[in-house]
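**Q** Attaching a single structure in structure tokens format; questions to follow.
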Amino acid sequence: MQVGEIHQLLVDRFGSEKITGLKTDTKDPWIEVAPAAIHEVCEFLHDDPRTALDGLCDLCGVDCLETDPKKKNPVEPHVEVVYHLYSYTHRHSCKLKVKLPRWRNGEKGQPPQLPSVSGVWDVANWHEREAYDLVGIEFLDHPNLRRILCPEDWEGHPLRKDYEFPLEYHGIRGK
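As structure tokens, then:
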């Protein structure tokens with residue numbers, strides 16, 4: 003099944019309010035999903051025998067903060083969560099994207115939130131923890147949302163484009 007066919011299946015099932023976009027003019031086409039709908043959409047893609055997307059190959063957080071005014075296609079600052087899915091049964095794949103504001107309710111320091119898919123794919127537990135740790139995305143109803151790479155007392159999220167490396171950490175000099 004091609005990405006366009008999966009997109010149509012999702013629009014028929016969930017409507018255009020929950021399935022908000024399709025990008026095919028790229029090397030790696032993707033489907034955009036509304037944040038509140040990601041869990042139910044992933045559950046459907048996993049369980050429906052037509053798609054059987056039983057493998058979550060990767061889930062990553064991306065900070066889209068473009069500070070160069072000369073860029074050809076400027077975008078509104080936001081963060082994305084990208085889901086790379088694969089069907090071992092049908093040998094097809096699909097990429098989903100969810101776009102979130104950089105800060106919840108527009109308040110700096112309030113991380114964006116998204117429903118967890120760790121109940122759909124167990125491996126999402128680790129991927130969501132990494133996205134939380136490095137990009138600062140909180141996954142609601144996650145069974146163990148805590149840092150995975152940085153120490154628990156680390157301040158900030160190192161893959162945020164506006165992240166400032168600390169001058170010192172426990173007596174160790176930084177920048």
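Converting from the sequence shown to the working numbering requires adding 2 to each position, the first position being numbered 1. In this text, a Cβ means the ideal position worked out from N, Cα and C, and glycines have one as well. From a predicted model like this one, the values you see are computed outputs, not experimental measurements.
Whole angstroms are fine: how far does the CA of asparagine 127 sit from the CA of leucine 145?
**A** Reading off the sequence shown, one finds proline at residue 145, where the question assumed leucine. Each residue's alpha carbon lies about 8 angstroms from the other.
**Q** So, are the CB atoms of leucine 55 and leucine 24 less than 7 angstroms apart?
**A** no
**Q** Can you give me the Cβ contacts of glutamate 34 inside the same chain, cut-off strictly under 8 angstroms, excluding the 5 residues immediately before and after it?
**A** Ile21, Thr22, Gly23, Leu24, Lys25, Leu98, Lys99, Val100 and Lys101
**Q** Please state the DSSP three-state secondary structure of glutamine 1.
**A** Residue 1 is absent from the structure shown; the chain starts at 3 and stops at 177.
**Q** Near aspartate 30, which residues of its chain fall below 8 angstroms by C-beta distance, leaving aside the five closest residues on each side in sequence?
**A** Lys97
**Q** For my contact list, isoleucine 139 and leucine 116 are in at a C-beta cut-off of 8 angstroms; report their separation, rounded to the angstrom.
**A** 6 angstroms
**Q** Do leucine 61 and proline 79 have their beta-carbon atoms positioned less than 7 angstroms apart in this structure?
**A** no
**Q** Since aspartate 65 sits in a beta bridge, which residues does DSSP pair it with?
**A** Val81
**Q** What residue ranges within the stretch 85 to 131 form continuous beta strand (DSSP E) runs of no fewer than 3 residues, ordered along the chain?
**A** 95 to 102 and 115 to 117
**Q** According to DSSP, is leucine 161 helix, strand or coil?
**A** coil
**Q** With DSSP run on the structure shown, which of helix, strand or coil describes phenylalanine 167?
**A** coil
**Q** Rounded to whole angstroms, what's the CA-CA distance from isoleucine 40 to glutamate 166? Just pull it up for me.
**A** 31 angstroms
**Q** Does the distance from the CB of valine 178 to the CB of aspartate 65 come in under 7 angstroms?
**A** As displayed, the chain neither begins before 3 nor continues past 177, which places residue 178 out of reach and without an answer.
**Q** Would proline 160 pass as a contact of leucine 136 if the rule is Cβ separation under 7 angstroms?
**A** yes
**Q** Can you check whether the CB of glycine 57 is closer than 7 angstroms to the CB of proline 90?
**A** Before going on, a small fix: residue 90 reads as tyrosine here, not proline. Cβ distance < 7 angstroms, so tyrosine 90 and glycine 57 count as in contact.
**Q** Under 7 angstroms, do leucine 169 and glycine 176 count as touching if we go by C-beta distance?
**A** yes
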